[in-house]
Amino acid sequence: MTIRTDAPTRREQILKEAARLFAERGFHGVGVDEIGAAVGISGPGLYRHFPGKDAMLAELLVGISERLLAGGRLRVSEDAACGDGSPQALLDALIEGHIDFALDDRPLITLHDRELDRLRDADRKRVRQLQRQYVEVWVEVVREAYPDLPEHEARAAVHAVFGLLNSTPHLGRPGAQPDRAGTAALLHRLARGAFEAAAVRP
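Sequential numbering from 5 applies to the sequence shown in my numbering.
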């Protein structure tokens, strides 16, 4: 995966602060002026980048769904190009990628849980479609790693692991948990443990 080193654009800065504020105070609890102040521009100046708060919310939730799917597909394609990776290693890569999201984009998890229904029907359907495709990327890899696991159980296990990893907004304040590396390692062990448990046949 390519690591981005360039500075975020003003549009990206606006989205980041909007996500933080929406997650902290709710969509209706934040005004355009507050978002503008957080990035050092006037509230009306935001309209050069977005037509309004609804557009910001849609770009945040559709955008993260697109990025997760693209990242999952990229890991699969990179594994296929190498030709020497194991399904277990590919599953580890998928878990690591989702953990990065869960630790670095916690406001988006909160935003999704609270505000998804505020999207226009077309945007909400797009988010759901992207999420289903992302799940299927995982299901295919999980079934390669655990061939005896039935498809419906693999899908249920993937959803359960997403719930586990996406619990990061509830982990408490910084300092009340291990450092980032420690938290990531813990989440990885828990995710792999869940898949291992699912693969144990009664």
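Yeah, the Cβ is synthetic: ideal placement off N, Cα and C, and Gly gets one too. All of these numbers come straight from a predicted model, not from anything done at the bench.
Around the Cβ of S69, a 10 Å sphere holds 16 or more other Cβ atoms; the residue is buried. In the three-state DSSP reduction, T13 falls in the coil class, being neither helix nor strand.
The Cβ-Cβ distance between A27 and L115 falls below 9 Å. Contact between the stretch 73-88 and the stretch 27-36 is absent: fewer than 3 CB-CB pairs across the two stretches fall below 8 Å.
Counted as a single uninterrupted DSSP element, the stretch harbouring I45 is not any alpha helix (DSSP H), since DSSP gives it neither H nor E. The stretch 101-117 and the stretch 37-49 do not touch, with fewer than 3 CB-CB distances between them shorter than 8 Å.
By the Cβ criterion, the stretch 152-159 is not in contact with the stretch 88-96, since fewer than three pairs of Cβ atoms, one from each stretch, lie closer than 8 Å.
Contact between the stretch 143-152 and the stretch 57-72 is absent: fewer than 3 CB-CB pairs across the two stretches fall below 8 Å.
Counting the other Cβ atoms within 10 Å of the Cβ of T13 gives fewer than 16, which makes it exposed. With 16 or more other Cβ atoms inside 10 Å of its own Cβ, A202 counts as buried. By alpha-carbon distance to S90, the top candidate from R24, L191, V145 is V145. At the C-beta level, H53 and R15 come within 9 Å of one another. One thing to note: L175 has its Cβ no nearer than 9 Å to the Cβ of L194. If you draw a straight line from the Cα of G35 to the Cα of A84, it is about 46 Å long. In the three-state reduction of the DSSP assignment, Y150 falls in the coil class.
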